[in-house]
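What follows is one structure encoded as structure tokens, with my remarks underneath.
Protein chains: 2
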Amino acid sequence: MTAAEMSGERTVAPGDFAADTAVETIQREMTAFARRARASAGRMHPELSLVSYTLLGHLEERGGCRATDLAAHYALDKSTVSRQVAALERTGLVERRVDPDDHRVQVLHLTESGRRILAQVTESRRTAFRERLADWPAEDLTRFASYLERYNAWPEPEPGNG
Amino acid sequence: MTAAEMSGERTVAPGDFAADTAVETIQREMTAFARRARASAGRMHPELSLVSYTLLGHLEERGGCRATDLAAHYALDKSTVSRQVAALERTGLVERRVDPDDHRVQVLHLTESGRRILAQVTESRRTAFRERLADWPAEDLTRFASYLERYNAWPEPEPGNG
DNA sequence: CATCTTGGTTGTATAGTACAACTTGAAAAG
DNA sequence: CTTTTCAAGTTGTACTATACAACCAAGATG
Numbered sequence: 001m002t003a004a005e006m007s008g009e010r011t012v013a014p015g016d017f018a019a020d021t022a023v024e025t026i027q028r029e030m031t032a033f034a035r036r037a038r039a040s041a042g043r044m045h046p047e048l049s050l051v052s053y054t055l056l057g058h059l060e061e062r063g064g065c066r067a068t069d070l071a072a073h074y075a076l077d078k079s080t081v082s083r084q085v086a087a088l089e090r091t092g093l094v095e096r097r098v099d100p101d102d103h104r105v106q107v108l109h110l111t112e113s114g115r116r117i118l119a120q121v122t123e124s125r126r127t128a129f130r131e132r133l134a135d136w137p138a139e140d141l142t143r144f145a146s147y148l149e150r151y152n153a154w155p156e157p158e159p160g161n162g
Numbered sequence: 163m164t165a166a167e168m169s170g171e172r173t174v175a176p177g178d179f180a181a182d183t184a185v186e187t188i189q190r191e192m193t194a195f196a197r198r199a200r201a202s203a204g205r206m207h208p209e210l211s212l213v214s215y216t217l218l219g220h221l222e223e224r225g226g227c228r229a230t231d232l233a234a235h236y237a238l239d240k241s242t243v244s245r246q247v248a249a250l251e252r253t254g255l256v257e258r259r260v261d262p263d264d265h266r267v268q269v270l271h272l273t274e275s276g277r278r279i280l281a282q283v284t285e286s287r288r289t290a291f292r293e294r295l296a297d298w299p300a301e302d303l304t305r306f307a308s309y310l311e312r313y314n315a316w317p318e319p320e321p322g323n324g
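The listed protein sequences derive, respectively, from chains Z and P.
At position 45 of the first sequence the residue is numbered 45 (this note's numbering), and the sequence of numbers has no breaks.
In this note's numbering, each residue carries its 1-based index in the second sequence increased by 162.
What follows is the structure, given as structure tokens:
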């Protein structure tokens, strides 16, 4: 056990070598993960890319929203979202309803098919994650989950909209 | 049995709801992170993409290796690596030396410039990560780091070479 | 030598992305 | 009520990362 660990919890300070190497490791591992995730998601579910999956997920969670909201939430350019949504509409997973109060706005909703596919992919992803995490002690899982939430809570700059 | 298990921690079992929601969270947060990482890395360092960065990093770590090794290590198709390396060579960050024992093989090495740029980007990434993790207790950092390593240790299928 | 294997490149196609220019409709300013 | 400004989306264009298939070149094996 390191001195840092023995002395209880401290925040990072210059010269804290254990924390330094931990930061290095986090950086390296997050990078490695990021590099792989897209391709591996694509291989797992050719029918729904990682991006489409997250967009559908947001629609389900929110019960429909505007393209602009998706762009803001996911730090994507509105043109990117426009094309993604167009593709999802073409494949019948999403439908647009013009907001009667503001004809510029198109509120996006999952279709029945969209809901079904999303559920399928969610289930299959869940299975994969479960398998991957099967040997983990429950306490480590909950800690890992909270670390990730905390890590991701950091605000990132947004393109096109920020 | 691990120390964790002895101390009352359990691995995931059906019906363990705390673990279930933790797995959900991990899935959601890893996904969110993966979606953002590339673009955010690109905004941080327009001069060196995430992929190029990791390739250079591997070259530095190994003190030079073959394109095929990079492809295997990063689960990339050899054509992808070929083009990435070609780009890195064009920008003078990498040089190739034909292996005298096997003229098919081109051993890749960082150039001085490559080493310098890599160091710069590493430093700037390190700073960003440090800032982001500044408020974390040291113990959480080391745990998070070890969770990530464990998570990433899971083998993923390789395209083109696997 | 003939064939197989290995390392690498090139042709082609696709997804995802951004930025800039544009359209359309709403809201604010005069 | 115009005119200007703003907001939501779309489209044109370009670029990166990627895969797969077809290929070439050079060793290795029969």
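No residue lacks a Cβ here, since even glycine has one placed at the ideal position from N, Cα and C.
As the structure is a prediction and not an experimental result, all values here were calculated from the model.
8 Å contact criterion, which residue i and residue j should meet: CB distance rounded
i       : j       : result
L93(Z)  : S113(Z) : 6 Å
T54(Z)  : T216(P) : With 8 Å as the limit, T54(Z) and T216(P) do not qualify as a contact, their Cβ atoms being about 23 Å apart.
Y313(P) : Y147(Z) : Incorrect: roughly 11 Å between the Cβ atoms, too far for contact.
L212(P) : A199(P) : 7 Å
A145(Z) : A184(P) : 4 Å
V98(Z)  : R66(Z)  : Wrong, their Cβ atoms sit about 11 Å apart, outside the cutoff.
M206(P) : A300(P) : With 8 Å as the limit, M206(P) and A300(P) do not qualify as a contact, their Cβ atoms being about 25 Å apart.
A237(P) : F33(Z)  : Not confirmed; about 12 Å, so no contact.
E29(Z)  : E257(P) : At roughly 29 Å, the Cβ-Cβ gap does not stay under 8 Å, so E29(Z) and E257(P) are not in contact.
L303(P) : A153(Z) : Actually they are not in contact, since the Cβ atoms of L303(P) and A153(Z) sit about 16 Å apart, beyond 8 Å.
E60(Z)  : L118(Z) : 6 Å
V283(P) : L210(P) : 5 Å
G204(P) : H271(P) : The pair is not a contact, with the Cβ atoms about 25 Å apart (cut-off 8 Å).
Chain P within 8 Å of residue i, Cβ atoms only
i       : result
E127(Z) : Per the sequence shown, residue 127(Z) should be read as Thr rather than Glu. Cβ-Cβ to chain P under 8 Å: no for T127(Z).
R130(Z) : yes
E60(Z)  : no
L148(Z) : yes
N161(Z) : With a pLDDT of only 38 at N161(Z), under the threshold of 50, the placement of this residue in the model should not be trusted, and no figure is reported.
L133(Z) : yes
A119(Z) : no
L141(Z) : yes
V23(Z)  : yes
A19(Z)  : yes
N152(Z) : yes
S124(Z) : no
C-beta neighbour in chain Z for residue i, strict 8 Å
i       : result
I188(P) : yes
F306(P) : yes
A166(P) : Summary for A166(P): the model assigns pLDDT 47, below 50, so the residue's position carries little reliability; its value from the coordinates is reported in the next sentence. Cβ-Cβ to chain Z under 8 Å: yes for A166(P).
Where the alpha helix (DSSP H) through residue i begins and ends
i       : result
E139(Z) : 138-152
S82(Z)  : 78-90
L133(Z) : Element bounds for L133(Z): n/a, residue is neither H nor E.
T157(P) : This structure leaves residue 157(P) out entirely; chain P is present only between 163 and 324.
A234(P) : 229-236
T216(P) : 212-224
According to DSSP, residues forming a beta bridge with residue i
i       : result
Q268(P) : V260(P)
Interface residues of the segment 192-217 of chain P facing chain Z [CB-CB below 8 Å]: Among the residues of the segment 192-217 of chain P, those with a Cβ less than 8 Å away from any Cβ of chain Z are M192, T193, A194, F195, A196, R197, R198, A199, R200, A201, S202, A203, R205, L212, V213, Y215, T216, in the order of the chain.
Identify each residue in the segment 63-95 of chain Z for which the Cβ-Cβ distance to at least one residue of chain P is less than 7 Å, and report them in chain order. Answer set for the segment 63-95 of chain Z: Y74, A75.
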